[in-house]
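Here is the structure we will look at.
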Amino acid sequence: MQPKHNLEKLEKTATKLRLHVVNMVAPSGQGYVQQGLGAADLFASLYFAEATLDPANPDWPDRDRIFLTTAHNTAILYATLAERGYFATDRLDAYVADGSPLEINASERMGAVVEATCGSLGQGLSVAVGSAVAAKRQNRASRVYAILGDGEMQEGNVWEAAMFAGSAGIDNLCLIADCNFVQCEGPMNRVMSLDPLMNKMESFGFACQEVDGNDIGALLGAYDIARTATGKPSFIKANTVMGKGVASLEGLMFHQLRFPPEVAESARAELEAQL
8 MQPKHNLEKL EKTATKLRLH VVNMVAPSGQ GYVQQGLGAA DLFASLYFAE
58 ATLDPANPDW PDRDRIFLTT AHNTAILYAT LAERGYFATD RLDAYVADGS
108 PLEINASERM GAVVEATCGS LGQGLSVAVG SAVAAKRQNR ASRVYAILGD
158 GEMQEGNVWE AAMFAGSAGI DNLCLIADCN FVQCEGPMNR VMSLDPLMNK
208 MESFGFACQE VDGNDIGALL GAYDIARTAT GKPSFIKANT VMGKGVASLE
258 GLMFHQLRFP PEVAESARAE LEAQL
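Here's what the structure looks like:
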């Protein structure tokens with residue numbers, strides 16, 4: 008159920024995911040392309056190497072659960088699900104089209120491939136915690152992964168869920184913060200800083216690590232360490248660069264990027280050259 012890939016293959020997979028993101032967002036001319044490009048390494052490492060999944064049987068009871076609680080970052084999610092074999096990649100052409108289940112916010116209209124509708128920021132961790140508790144009570148080996156944005160962690164209900172997870176010692180839970188240091192109103196440190204984030208998570212009872220979220224090898228190592236944690240949930244602070252993989256877009260901190268055709272074509276050509 009869990010494919011084995013070498014690092015080079017995973018990096019190529021991340022590039023394919025980035026190319027899908029560009030192609031999906033280009034027709035509308037705006038969208039969450041920067042977040043998708045930045046998180047591609049995280050998604051490639053998690054879905055293609057770490058998590059135990061079965062695309063042919065998406066509601067397999069013993070699967071690992073992955074919750075994208077920043078549910079608007081769907082371009083990278085749908086690209087990942089398609090490349091992983093959950094559905095044909097040509098379905099990505101219907102991204103955000105009227106009536107399409109590939110909505111801007113991931114929902115259970117997609118079926119079992121989406122574990123929960125998490126459109127309201129901050130609520131997804133609570134659902135993930137509940138899923139992890141259920142797996143323990145059912146004596147399943149399943150692990151639960153929750154991907155949060157750093158802006159999302161400004162929501163108060165994240166901390167209530169984190170407090171419970173740490174207090175209950177839910178060690179089959181791994182919380183991954185995609186930290187790109189921007190939210191819809193601007194840079195994190197100008198709106199409301201999370202620092203000292205690592206100290207906060209440790210005080211809530213999490214086993215904590217901080218890694219380069221665009222380094223697949225570092226991410227895989229962090230997942231390995233998280234799996235050995237006993238009696239504590241795990242927290243991985245994955246620092247990502249918005250627009251990663253496209254030189255002209257890297258580091259441009261736009262929550263929603265205007266994406267004119269000439270920029271999309273340049274990004275597409277650059278990514279295709281990396282394959």
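Okay, so the sequence shown: first residue is 8 according to the numbering used here, each after it adds one. Note that CB positions come from ideal geometry on N, CA and C, so glycine has one too.
Cα-Cα separation between residue i and residue j, rounded to whole angstroms
| i | j | result |
| --- | --- | --- |
| residue 273 | residue 281 | 13 Å |
| residue 39 | residue 112 | 11 Å |
| residue 140 | residue 132 | 12 Å |
| residue 231 | residue 214 | 13 Å |
| residue 13 | residue 227 | 11 Å |
| residue 97 | residue 60 | 22 Å |
| residue 8 | residue 197 | Annotation note: pLDDT 45 at residue 8 (below 50); position unreliable, coordinate value reported separately. About 44 Å. |
| residue 142 | residue 267 | 45 Å |
| residue 265 | residue 67 | 39 Å |
| residue 205 | residue 216 | 8 Å |
| residue 46 | residue 144 | 32 Å |
| residue 146 | residue 240 | 17 Å |
Check whether residue i and residue j have beta carbons under 7 Å apart
| i | j | result |
| --- | --- | --- |
| residue 33 | residue 271 | yes |
| residue 137 | residue 178 | no |
| residue 207 | residue 44 | no |
| residue 173 | residue 118 | no |
| residue 233 | residue 218 | no |
| residue 31 | residue 101 | no |
| residue 65 | residue 91 | no |
| residue 223 | residue 26 | no |
| residue 167 | residue 128 | no |
| residue 69 | residue 58 | no |
| residue 135 | residue 94 | no |
| residue 22 | residue 278 | yes |
Other residues of its chain near residue i: CB distance less than 7 Å, five sequence neighbours each side excluded
| i | result |
| --- | --- |
| residue 87 | 24, 50 and 54 |
Per-residue burial, residue i [other beta carbons within 10 Å of its own, 16 or more giving buried]
| i | result |
| --- | --- |
| residue 149 | buried |
| residue 116 | exposed |
| residue 20 | buried |
| residue 220 | buried |
| residue 202 | exposed |
| residue 48 | buried |
| residue 106 | exposed |
Which listed residue (the options) has its alpha carbon closest to that of residue i
| i | options | result |
| --- | --- | --- |
| residue 153 | 167, 184 and 145 | 184 |
| residue 109 | 84, 48, 226 and 72 | 84 |
| residue 244 | 199, 275, 236 and 182 | 182 |
| residue 158 | 241, 106, 92 and 78 | 78 |
| residue 246 | 209, 199, 256 and 189 | 189 |
| residue 187 | 210, 249, 164 and 176 | 249 |
Close Cβ partners of residue i (< 6 Å) along its chain, the five nearest in sequence each way excluded
| i | result |
| --- | --- |
| residue 125 | 76, 78 and 131 |
| residue 122 | 72 and 74 |
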